[in-house]
Amino acid sequence: MFLDKFIEYIRFEKRYSPHTVSAYQSDMEQFLLFLNPPNTTPSVSHPSEISHHHIRNWMVELMDNKLLARSVNRKIATLRKYFKFLLQEGEITINPTSRINAPKVPKNLPTIVDSDKLTGMLDGRMDAIEDPIFTNNFKGLRDKLVIEMLFGTGMRLAEIIGIKEEDINLYEKTIKVLGKRNKQRIIPLNSELVQLLKRYTEAKKSENFHNNSVTFLVTDKGASAYPKLIYLIVQKYLSHISTQDKKSPHVLRHTFATSLLNKGADLNAIKELLGHANLSATQIYTHNSVERLKSIYKQAHPKA
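Mapping the sequence shown onto numbering that gives the first Met the number 0, position 141 (from 1) lands on 140, and the numbers just tick up by one.
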């Protein structure tokens with residue numbers, strides 16, 4: 000009963016995305032199952048009976064099962080939201096998560112690819128490969144546009160999936176993006192990307208795909224593009240220039256931001272382009288820049 004009310008609250012009042020709602024529900028069901036395992040006498044019948052000891056014991060079990068600290072933190076964040084809701088509803092008088100300290104998450108540097116190699120691939124400057132990387136048909140044009148857009152704008156996966164034709168202003172050379180928390184931002188487009196967008200738009204019309212979907216990017220058959228398709232495209236082409244395990248759309252977002260920073264772009268400007276809520280999220284890219292400077296120093300300085 001309490002969980003159902005909470006799910007309705009985040010779905011209809013807070014208007015969380017279906018993916019987020021599903022994750023919250025899964026976390027809560029897992030926690031409640033921990034409190035009251037099947038085929039046992041229920042130990043907790045009301046949320047007011049849940050203490051910080053219960054939550055800490057659950058955290059210990061999660062970490063004993065080798066769950067990463069970042070994942071544990073996400074589950075604790077779900078509990079915080081749940082008990083805050085119950086507090087507002089008057090179902091409890093004490094929030095048991097107030098005495099919980101989340102485990103520390105090790106800071107990992109963003110994974111990027113070599114921007115020179117990436118630019119070389121997009122510009123067709125890969126001498127070691129005889130056949131063209133991007134085929135001369137609709138699919139090849141679409142694939143190239145996906146890589147160019149992710150690298151040229153720093154968009155998130157969900158953002159590029161949601162792009163519609165009316166979001167693109169080729170005259171102003173801008174694209175309107177709907178980011179997290181339904182926050183809109185405008186991203187400038189470089190001239191090469193503008194030309195590629197024009198070619199792709201014409202190709203869609205010639206294939207009679209322009210009226211088949213809601214989204215700007217489409218599949219080989221003209222249906223709306225979906226996350227797995229974008230992942231597969233990125234993995235396919237990044238494998239030509241990188242041997243690292245991680246080859247995702249977010250790697251191109253990281254590469255976009257790091258490239259701007261290395262070229263002297265203002266950190267606040269990068270923050271706005273990426274759609275970050277605060278500067279602390281953007282500052283992670285300064286670490287990559289520092290590591291690059293260290294590498295240059297070690298190679299070039301006689302005392303390194």
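Just so you know, even glycine gets a beta-carbon here, dropped at the ideal spot from N, CA and C. Here the structure is a predicted model, which means the values were calculated and not measured.
{"query": "Check whether the region 262-270 touches the region 164-182, taking contact to mean three or more Cβ pairs, one atom from each stretch, closer than 8 Å.", "result": "no"}
{"query": "Going along the chain, which residues of its own chain have a beta-carbon closer than 8 Å to the beta-carbon of Arg55, five neighbours each way excluded?", "result": "Ile99"}
{"query": "Considering only residues of the region 183-238, which uninterrupted beta strand (DSSP E) runs meet the minimum length of 3 residues and lie entirely inside it, listed in chain order?", "result": "183-187"}
{"query": "Rounded to a whole number of angstroms, what is the C-alpha to C-alpha distance between Asn94 and Ala280?", "result": "28 Å"}
{"query": "Alpha carbons only, please: which of Gln298, Ala299, Leu278 and Lys262 is nearest the one belonging to Asp115?", "result": "Lys262"}
{"query": "Taking 8 Å as the cut-off, decide whether the C-beta atoms of Thr254 and Leu117 are in contact.", "result": "yes"}
{"query": "Classify Val250 as helix, strand or coil using the three-state DSSP reduction.", "result": "helix"}
{"query": "Mind checking Gly151: buried by the 16 CB within 10 Å criterion, or exposed?", "result": "buried"}
{"query": "Does the distance from the CB of Val145 to the CB of Ile240 come in under 8 Å?", "result": "no"}
{"query": "Ala276 and Gly153 look like a contact to me (Cβ under 8 Å); what is the Cβ gap, rounded to whole Å?", "result": "That pair is no contact at about 15 Å."}
{"query": "Ignore the nearest five residues each way along the sequence and tell me which others in His286's own chain have a CB closer than 7 Å to its CB.", "result": "Leu108"}
{"query": "Using a Cβ-Cβ cut-off of 7 Å (strictly less than) and excluding sequence neighbours within five positions of Phe82, which residues of its own chain qualify?", "result": "Ile91, Asn94, Pro95 and Thr96"}
{"query": "For Val176, write down the residues that DSSP places opposite it in a beta bridge.", "result": "Arg184"}
{"query": "Checking the sheet assignment: what are the DSSP bridge partners for Asn168?", "result": "Thr173"}
{"query": "Please state whether DSSP places Ala127 in a helix, a strand or coil.", "result": "Any answer about Ala127 is weak, because its pLDDT of 49 lies below 50 and its placement is not dependable; what the coordinates show is given next. Correct three-state label for Ala127: coil."}
{"query": "Can the beta-carbon of Ile174 be found less than 8 Å from the beta-carbon of Ile160?", "result": "no"}
{"query": "If you drop the 5 nearest sequence neighbours on each side, which residues of the same chain put their C-beta closer than 7 Å to that of Asn378?", "result": "Because residue 378 is not part of the residues shown, which for the chain are 0 to 303, the question remains open."}
{"query": "If you follow the alpha helix (DSSP H) that Tyr81 is in, where does it begin and where does it stop?", "result": "Ala68 to Gln87"}
{"query": "Between which residues of its own chain and Asn207 is the CB-CB distance below 8 Å, once the five residues before and five after are set aside?", "result": "Gly221"}
{"query": "Going by DSSP, what residue range makes up the alpha helix (DSSP H) through His53?", "result": "His51 to Asp63"}
{"query": "Decide if Lys307 is buried, meaning its Cβ has at least 16 other Cβ atoms within 10 Å, or exposed.", "result": "One cannot answer for residue 307 here, as it falls past the ends of the chain, which runs 0 to 303."}
{"query": "Check for me: the alpha helix (DSSP H) holding Gln24 runs from which residue to which?", "result": "Pro17 to Leu34"}
{"query": "Which word fits Lys4, buried or exposed, when buried means at least 16 other C-beta atoms lie within 10 angstroms of its C-beta?", "result": "exposed"}
{"query": "What separation, rounded to the nearest whole angstrom, lies between the Cα atoms of Tyr8 and Val71?", "result": "23 Å"}
{"query": "Does the CB of Ile93 have a neighbour CB from chain B at under 8 Å?", "result": "Chain labels in this structure do not include chain B; a single protein chain is all it has."}
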